[in-house]
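Everything below concerns the one structure shown next.
Number of protein chains: 2
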Amino acid sequence: PTDDDGFYIPPLNFAMVDNGIFRSGFPDTANFPFLQSLGLRSIICLCPEPYPEANAEFVKSNGIQLFQFGIEGCKEDRSLSKSISKRIRSICHSSRNTTVHPNIELEEPFVNIPEDTIREALKVVLDEKNHPLLIHCNRGKHRTGCLVGCFRKLQRWCLSSVFDEYQRFAAAKSRVSDQRFMELFDASSFKHLPMSFSCSMR
Amino acid sequence: PTDDDGFYIPPLNFAMVDNGIFRSGFPDTANFPFLQSLGLRSIICLCPEPYPEANAEFVKSNGIQLFQFGIEGCKEDRSLSKSISKRIRSICHSSRNTTVHPNIELEEPFVNIPEDTIREALKVVLDEKNHPLLIHCNRGKHRTGCLVGCFRKLQRWCLSSVFDEYQRFAAAKSRVSDQRFMELFDASSFKHLPMSFSCSMR
């Protein structure tokens, strides 16, 4: 149940978060044999777009429950973003000896992660009946990183360790706004949920 | 059993590799409460230096078995390295308008990872009687990355996924020689060992 050479191809940015919890970027058909080897019981998809047909077929035929919590990948005010973008281009055009790609990619420091959605997703993550479980978004960096970061806060990881893990996956794409979201996230309401994870207090 | 504020401080570059297997940089006393929460049965240290007193005391008082497989962190031919370093400085000094720090840091593309040592360490990793187990070196990048990479080859991960994981931890410090070592590592002799890990074939 692997590729032609008998090798497994884990999805981009795949990693084990804790017992029965995995994270990754969007799985492709090439990753299905690997995902089958995990014996997944459920998948949390954090993208709002309809699940691709091949993936929908995969979860159905493997008896995997799909939980979709749609979070926009890039939720900043696009009109504001465009106006800043235009401004930057006009500044750059007015200075000599500067070449700027017209589709200049802006940093996105103000992407809003909806707290309620993360809370609902976290409940699914914490319910061991759903394990083994895979959390994924598109690239496995921002939305997945925020959900995992909130899970780490529940495990009482200090903030710098939460950020260290977030940055390992997001790397150059790390967002201040994501880290601020995790910093502000209040995990205290989850106090009385069952916690039998490897890294939690016993 | 945490820091003053009740937060856990995982070691630098801490992550879960698979069921019962963790990886990290060198644990500090601040990390001990977190490591206690993992209920470790053993630790693999890949550094050749004597284990620090505080760490030795920690493993002893927690009934953790320490396996030390000393691998030099930087094993390139130092005389060769020095002569290259000198050469580069002399080239740079002869060209005008170039400032070079006298202790120019060289890339280390020829660090030798000793295969026999990795094989011995891998046997310890594969023995479930040693789990939960922590693998660590100094920064949790190169030596730990190579051992984990060889473990992934045993799990039949394709090479690009092995490298993707290696690079996530080594980042800008990624070494071609480490990746070449993992590429050449022949995992076939381990075929008949018990494999009941989450990502292995069932």
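For the record, the sequence lines run as chains A and B. Its first residue numbered 46, the first sequence is counted upward by one per residue in UniProt numbering. Its first residue numbered 46, the second sequence is counted upward by one per residue in UniProt numbering. Every residue gets a Cβ at the ideal spot worked out from N, C-alpha and C, and that includes glycine. Since the structure is predicted, the reported quantities are computational estimates derived from the model, not experimental observations.
- The Cβ-Cβ distance between Ile-116 (chain A) and Val-104 (chain A) does not fall below 8 Å.
- For the pair Asn-58 (chain A) and Arg-184 (chain A), the CB atoms are nearer than the 8 Å cut-off.
- Counting only the Cα atoms, Met-227 (chain B) lies some 17 Å from Cys-182 (chain B).
- Contact check for Gly-84 (chain A) against Leu-178 (chain A) fails: the beta carbons are separated by 8 Å or more.
- In this structure, the straight-line span from the alpha carbon of Phe-112 (chain A) to that of Cys-90 (chain A) is close to 6 Å.
- Under DSSP, Gln-113 (chain A) forms a beta bridge with A:Cys-90.
- Closest by C-alpha distance to Gln-200 (chain B), out of A:Pro-78, A:Asp-73, A:Ala-166, is A:Pro-78.
- Each residue's CA atom was taken as its position, placing Glu-165 (chain A) and Phe-114 (chain B) some 45 Å apart.
- With 16 or more other Cβ atoms inside 10 Å of its own Cβ, Gly-190 (chain A) counts as buried.
- Here Pro-72 (chain A) is actually not in contact with Asn-107 (chain A); their C-beta atoms are around 12 Å apart, not less than 8 Å.
- Ile-163 (chain B): member of the alpha helix (DSSP H) spanning 160-171, first to last residue.
- Judged by DSSP in its simplified three-state form, Arg-201 (chain B) adopts coil rather than helix or strand.
- The beta carbon of Arg-188 (chain A) sits closer than 6 Å to those of Leu-91, Ile-116, Cys-182, all from its chain and outside the five residues before and after it, given in chain order.
- Taking 8 Å as the threshold, the shortest C-beta distance from Asp-63 (chain A) to chain B falls below it.
- For Arg-213 (chain B), the chain A residues whose C-beta falls within less than 9 Å of its own C-beta are Asn-58, Ala-60, Arg-213, Phe-214, Ala-216, listed in chain order.
- Neighbours of Arg-201 (chain A) across chain B, judged by C-beta separation under 7 Å: Thr-47, Gly-51, Phe-52, Tyr-53.
- With contacts defined as CB atoms closer than 8 Å, Ile-180 (chain A) and Arg-68 (chain A) qualify as a contacting pair.
- Residue pairing from DSSP places Tyr-53 (chain B) in a beta bridge opposite A:Trp-202.
- Exclusion of the five residues before and after Lys-218 (chain A) leaves Lys-186 as the residues of its chain whose Cβ lies within less than 6 Å of its Cβ.
- For the set A:Ala-216, A:Glu-210, A:Ser-233, the Cα lying nearest the Cα of Ala-60 (chain B) is the one of A:Glu-210.
- The C-beta distance from Pro-55 (chain A) to Trp-202 (chain B) rounds to 6 Å, short enough to fall under 8 Å.
- In this structure, the CA atom of Lys-198 (chain A) is about 14 Å from the CA atom of Glu-160 (chain A).
- Annotation: Phe-196 (chain B) to Asp-223 (chain A) spans about 33 Å, alpha carbon to alpha carbon.
- The C-alpha of Ala-75 (chain B) is placed about 26 Å away from the C-alpha of Phe-235 (chain A).
- For Asp-63 (chain A), the enclosing beta strand (DSSP E) stretches over residues 60-63.
- Contacts with chain B at 8 Å (Cβ-Cβ) do not include Ser-222 (chain A).
- Against Ser-206 (chain A), the close residues of chain B are Tyr-53, Ile-54, Pro-55, Phe-59, in the order they occur along the chain (beta-carbon pairs closer than 8 Å).
- The alpha-carbon separation between Leu-192 (chain A) and Tyr-96 (chain B) amounts to approximately 37 Å.
- In the DSSP assignment, Phe-226 (chain A) is bridged to no other residue.
- With fewer than 16 neighbouring CB atoms inside 10 Å of its own CB, Gly-51 (chain B) falls in the exposed class.
- Its chain contains no residue whose beta carbon lies nearer than 7 Å to that of Ala-216 (chain B) once the 5 sequence neighbours on both sides are disregarded.
- Counting along the chain, Leu-85 (chain A) sits inside no alpha helix (DSSP H), nor does DSSP assign it H or E at all.
- Counting only residues of its own chain and dropping the five nearest sequence neighbours on each side, Ser-206 (chain B) has a CB closer than 8 Å to the CB of Arg-197.
- In the structure shown, the three-state DSSP call for Ser-219 (chain A) is coil.
- Assignment of Phe-235 (chain B) by DSSP, reduced to helix, strand and coil, places it in the helix class.
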